[in-house]
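Numbering follows the working numbering, in which position 202 of the sequence shown is assigned residue number 326; successive positions increment by one, without gaps.
We put the beta carbon where it would ideally sit given N, CA and C, even for glycine.
Notes follow once the structure below has been shown.
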Amino acid sequence: MLKFVVYFVIAAVVVIAAASVWHLMRVAAGNKEEMLRYAGPEKEFTGHFGKALVVYYSLDGHTREIAEKIREKTGADIYEIKTREKFKKTPWFYLTLKKQLKNGEYPELAGELPDPKAYDVVFVGAPVWWYTMATPLFSYLKQTDFGGRIVVPFSTQGSNYGSFFADFVKEAKNAEVDTAAAFNNLPEGYEREVDNKIVSWLNGLSRQ
Numbered sequence: 125m126l127k128f129v130v131y132f133v134i135a136a137v138v139v140i141a142a143a144s145v146w147h148l149m150r151v152a153a154g155n156k157e158e159m160l161r162y163a164g165p166e167k168e169f170t171g172h173f174g175k176a177l178v179v180y181y182s183l184d185g186h187t188r189e190i191a192e193k194i195r196e197k198t199g200a201d202i203y204e205i206k207t208r209e210k211f212k213k214t215p216w217f218y219l220t221l222k223k224q225l226k227n228g229e230y231p232e233l234a235g236e237l238p239d240p241k242a243y244d245v246v247f248v249g250a251p252v253w254w255y256t257m258a259t260p261l262f263s264y265l266k267q268t269d270f271g272g273r274i275v276v277p278f279s280t281q282g283s284n285y286g287s288f289f290a291d292f293v294k295e296a297k298n299a300e301v302d303t304a305a306a307f308n309n310l311p312e313g314y315e316r317e318v319d320n321k322i323v324s325w326l327n328g329l330s331r332q
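Written out as structure tokens, the structure is:
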């Protein structure tokens, strides 16, 4: 009986490992295919958003990179969402997050939040956690009334943004939500393509 259990566990581990490798290969192929659409010469930003603000939360730096690029292109002000208690990547980090999301337990934010009504357009971004918004973004949205302003969400993720944008629309109070953009976390070598993707997205959104 014990031998059977051991064999079963080993087989399960092998199957899970194979599935993980297959998933990573499929994601890499999808990323390569998407980035081919943005290859070539550097695209020029030709848009105008009036007075703009970029609000973002970033844990590992991926969302910060996208937020900074948006700021550079648009000349927007920028604000980083920070939690009073910093997250630590412990072995049980994601299990804790899953429990918090299930129970609606969102972290307390640090610092005074900017007034979105002082801007024409507000970009809001965060990473995807458990196929939805990172918990600090839930906290931010619950404390913010956009006062009818145009709000543009963006996400960063390993491969799947899940219900991030649907949940954003539900939580963003008095927001005129415009076309969102999702950015997969990519290895080095795609900097030009990512930049072109951002510019293409911004030019499509822009208020002339």
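By DSSP's criteria, tryptophan 253 is part of a beta bridge. Which residues make up the other side? Its beta-bridge partners are Thr256.
Buried versus exposed call for alanine 304 [16 or more other C-beta atoms within 10 Å across all chains shown]: By the neighbour-count criterion, in which a residue is buried when 16 or more other Cβ atoms sit within 10 angstroms of its Cβ, alanine 304 is buried.
Within 10 Å of its beta-carbon, does tyrosine 255 have 16 or more other beta-carbons around it, so buried, or fewer, so exposed? It counts as exposed.
Looking at the ligand ATP, does it come within less than 7 Å of threonine 187, judged from the CB to the closest heavy atom? With respect to small molecules bound, the structure shown includes none, and the ligand ATP cannot be examined in it.
Am I right that leucine 115 and threonine 259 are in contact with their C-beta atoms under 8 Å? What's the rounded C-beta distance? Here the chain has residues from 125 to 332 only, and residue 115 is not among them.
Residues near lysine 175 in its chain [Cβ-Cβ closer than 6 Å; skip 5 each side]: These residues qualify, in order along the chain: Tyr243 and Asp244.
Spatial distance of alanine 185 from lysine 213 (CA atoms): It should be pointed out that residue 185 corresponds to glycine in this sequence rather than to alanine. Straight-line spacing of the CA atoms in glycine 185 and lysine 213 works out to 14 Å.
Using the three-state DSSP reduction, which class does asparagine 309 fall into: helix, strand or coil? Note: asparagine 309 maps to coil in three-state DSSP.
Report the partner residues of serine 279 according to the DSSP bridge assignment. Residue pairing by DSSP places serine 279 opposite Ala250 and Ala306 in a beta bridge.
In the stretch 202-249, which residue ranges form an unbroken alpha helix (DSSP H) of at least 4 residues, counting only runs that do not cross its ends? As far as the stretch 202-249 is concerned, its whole alpha helix (DSSP H) runs of at least 4 residues are 217-227.
Rounded to the nearest angstrom, what separates histidine 147 and lysine 241 at their Cα positions? A caution first: histidine 147 carries a pLDDT of 39, below 50, which makes its placement in the model unreliable, though a value can still be read off. Spanning the two alpha carbons is a distance of roughly 42 Å.
Relative to the C-alpha of proline 238, which candidate in Phe289, Lys167, Gly282 and Gly271 has its C-alpha closest? When only C-alpha atoms are compared, the closest one is Gly271.
According to DSSP, is glutamate 166 part of a helix, a strand, or is it coil? In this structure, glutamate 166 counts as coil in the three-state DSSP scheme.
Which first and last residues belong to the beta strand (DSSP E) in which alanine 191 is found? Counting along the chain, alanine 191 falls outside any beta strand (DSSP E), though it belongs to the alpha helix (DSSP H) covering 186-198.
Taking only the alpha-carbon atoms, compute the straight-line gap between valine 178 and glutamate 158 and give it to the nearest angstrom. Using only the alpha carbons, I get a separation of about 25 Å.
Buried or exposed by the 16-neighbour rule on C-beta atoms within 10 Å, applied to glycine 228: With fewer than 16 Cβ atoms within 10 Å of its Cβ, glycine 228 is classed as exposed.
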